[in-house]
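Going letter by letter, the sequence shown gives residues 1 to 361 in my numbering.
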Amino acid sequence: MIYNDFCGKKISRLGFGCMRFPKTYEETKACIDLAMAEGVNYYDTAYVYNNSEVTLSKCLEGYDRSSYYLTSKLPIFKLETKEDVIKIFYESCERLQTNYIDFYLLHALNATSVKKIKELGVIDELKKLIEQGRIKHLGFSIHAPKEVLLEALDLYNFDFVQIQLNYLDMVHEPGFEGYEILTSRNIPVVIMEPVKGGMLANVPAPLNDPFTKYNKYYSNASYCFRFLMQFPNIKIILSGMSSLEQVKDNLNTFSKEEEFTKEMADAVEQVRLNILKTKKVDCTGCRYCMPCPFGVNIPENFTVYNRHAMGEVLNNEWYKKMEYPKDATASLCVQCGACIKKCPQGINIPEVLKETLKEQK
Ligand code: SF4
Ligand code: SF4
């Protein structure tokens, strides 16, 4: 396992993202046991990840608390008063069965949440927890433009920042520009969505031919990580591992440093261009837009929409024939617009859903 110095701690460069655990507890436990055995010591969960904190703590029962580092995140949209800050933090600690959280983040900052943090005095509440030793390091995650990143950085002397970056989304807010700003300020960076919600793990042939030509034994996902590992201030790369196979593949990728050669860079660039030619909607499957009050399964509809487009380009029957969800169809959408502001990708969800319906006639 490759390790980095991160906020004075020796942390595995591969972090276990806990938003998309396997379906059963037994599978999850097996994945975490293997990750622990192979030296993954950074576990990234959040208050709003469905039951993730409880499941994670159950899986880590029996391991020495000093053998792993826990993160969790404060959901700003759930705060009504400043008292909620400490209440939610304690609730996370209770679920995680811990007295302290090693890396605590303000979750998914945007212009609205930064304003709310200032108005409610959230940072002053968090400072109390830092002084008590309950929070060891404070950071934030962000899906917003550079301007909001800069405003967020003025809130506090943060120890680290988590941004989204992958070879397909280098300009996505705050994107690589965000990485450079953070690096120029000596703030270590954690990466989320390196495989774009799993999408880049499933790039089919012939789109991924440049990868196969470079090294047929490397998985699609491993190129995502190898690409990011060339940037030295990316200290931790999170992967939401949802099967033992994914854990094994990632452990192999992160087992040793490897030069990011010009040939590998060319292969990544070629695959990136191949993918961009086929996609219709920039959905990562993060599910922040869910649930839709009218029962539309938004990410599933978008996945099918993109797969159809990809199937057309590749003449891939399996993709072309993929069916839209029958009881969570876009036809249930009443165009209320409630989901739009929840989408970190800025997708005009009801408009795109309307487009998907044209395919379903
Ligand atoms: S706009 Fe459509 S998909 Fe979005 S919340 Fe409203 S009904 Fe659901
Ligand atoms: S539509 Fe937006 S919020 Fe919903 S799953 Fe896709 S990227 Fe996430």
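All C-beta atoms, glycine included, are put in the ideal place defined by N, C-alpha and C.
Remember, predicted model here, so these are calculated numbers, not experimental data.
Quiz item: Can the beta-carbon of His137 be found closer than 8 Å to that of Cys7?
Solution: Position 137 of the sequence shown, counting from 1, holds the residue named residue 137. Position 7 of the sequence shown, counting from 1, holds the residue named residue 7. Closer than 8 Å, so yes.
Quiz item: So Val148 is in the alpha helix (DSSP H); what residue range does that whole segment cover?
Solution: Numbered from its first residue, the sequence shown carries residue 148 at position 148. Segment Lys146 to Leu153, the alpha helix (DSSP H) holding Val148.
Quiz item: Can Ser141 and Met192 be called in contact, C-beta distance under 8 Å?
Solution: Against the sequence shown, residue 141 aligns to sequence position 141. Against the sequence shown, residue 192 aligns to sequence position 192. Yes, the Cβ-Cβ distance between Ser141 and Met192 is below 8 Å.
Quiz item: Does the Cβ of Ser331 have 16 or more other Cβ atoms within 10 Å, making it buried, or fewer, making it exposed?
Solution: In the sequence shown, the residue the question calls residue 331 occupies position 331. Note on Ser331: under 16 other CB atoms within 10 angstroms of its CB, so exposed under the neighbour-count rule.
Practice problem: Under 6 Å Cβ to Cβ from Ala267, same chain only, skipping five residues before and after it: list those, please. | Solution: To locate residue 267, count along the sequence shown from 1; it is residue 267. Answer for Ala267: Pro210, Phe211 and Tyr214, listed in chain order.
Quiz prompt | chain C contact for Ala330 (CB, 8 Å cutoff) | solution = No chain C appears in this structure, which consists of one protein chain only.
Practice problem: Tell me whether Val161 sits in a helix, a strand or coil according to DSSP, three-state version. | Solution: Along the sequence shown, one-based indexing puts residue 161 at 161. Looking at Val161 - three-state DSSP - the assignment turns out to be strand.
Quiz item: Quick one: complete alpha helix (DSSP H) runs, 4+ long, within the stretch 216-295?
Solution: 220-229, 244-253 and 262-276
Exercise. Find out if the Cβ-Cβ distance for the pair Tyr42, Tyr69 is shorter than 8 Å.
Key: Reading the sequence shown from its first residue, position 42 is the one you call residue 42. Reading the sequence shown from its first residue, position 69 is the one you call residue 69. Yes, they are a contact pair.
Quiz item: In terms of residue numbering, what span does the beta strand (DSSP E) encompassing Lys342 cover?
Solution: Within the sequence shown, residue 342 is the residue found at index 342, counting from 1. No beta strand (DSSP E) holds Lys342; DSSP gives it neither H nor E.
Practice problem: For Thr112, verify whether its CB is less than 7 Å away from any heavy atom of ligand 2. | Solution: As a working note, residue 112 is residue 112 in the sequence shown. Not under cutoff, so the answer is no.
Quiz prompt | DSSP-derived helix/strand/coil call for Asp102 | solution = Here residue 102 refers to the residue found at position 102 of the sequence shown. Three-state result, Asp102: strand.
Self-check item: Three-state secondary structure assigned by DSSP to Asn301
Solution: Counting from 1 along the sequence shown, the entry for residue 301 is found at position 301. DSSP places Asn301 in helix when its eight states are reduced to three.
Exercise. Identify, in the order they occur along the chain, each residue of the same chain with its Cβ nearer than 6 Å to the Cβ of Gly139, setting aside the five sequence neighbours on each side.
Key: As a working mapping, residue 139 is identified with position 139 in the sequence shown. Answer for Gly139: Leu105, Phe158, Asp159, Phe160 and Val161, listed in chain order.
Self-check item: Contacts around Ser239, its chain only, beta-carbon distance under 6 Å, and the 5 residues preceding and following it disregarded
Solution: Here residue 239 refers to the residue found at position 239 of the sequence shown. The residues are Gly17 and Asn250.
Practice problem: May I have the straight-line CA-CA distance separating Asp282 from Val148, to the nearest angstrom? | Solution: Residue numbering aside, residue 282 sits at position 282 when the sequence shown is read from its first letter. Residue numbering aside, residue 148 sits at position 148 when the sequence shown is read from its first letter. Distance between the alpha carbons of Asp282 and Val148: 21 Å.
Quiz item: Going by other Cβ atoms of all chains shown within 10 Å of its Cβ, with 16 needed for buried, is Gln132 buried or exposed?
Solution: Reading the sequence shown from its first residue, position 132 is the one you call residue 132. Under this definition Gln132 is an exposed residue.
Quiz item: Which of helix, strand or coil does DSSP assign to Thr183?
Solution: Numbered from 1 along the sequence shown, position 183 holds the residue referred to as residue 183. Helix.
Quiz item: Any idea if Ser113 is buried or exposed, counting beta-carbon neighbours within 10 angstroms, 16 or more meaning buried?
Solution: Here residue 113 is taken as the residue at index 113 of the sequence shown, counted from 1. Answer is buried; the Cβ neighbour count reaches 16.
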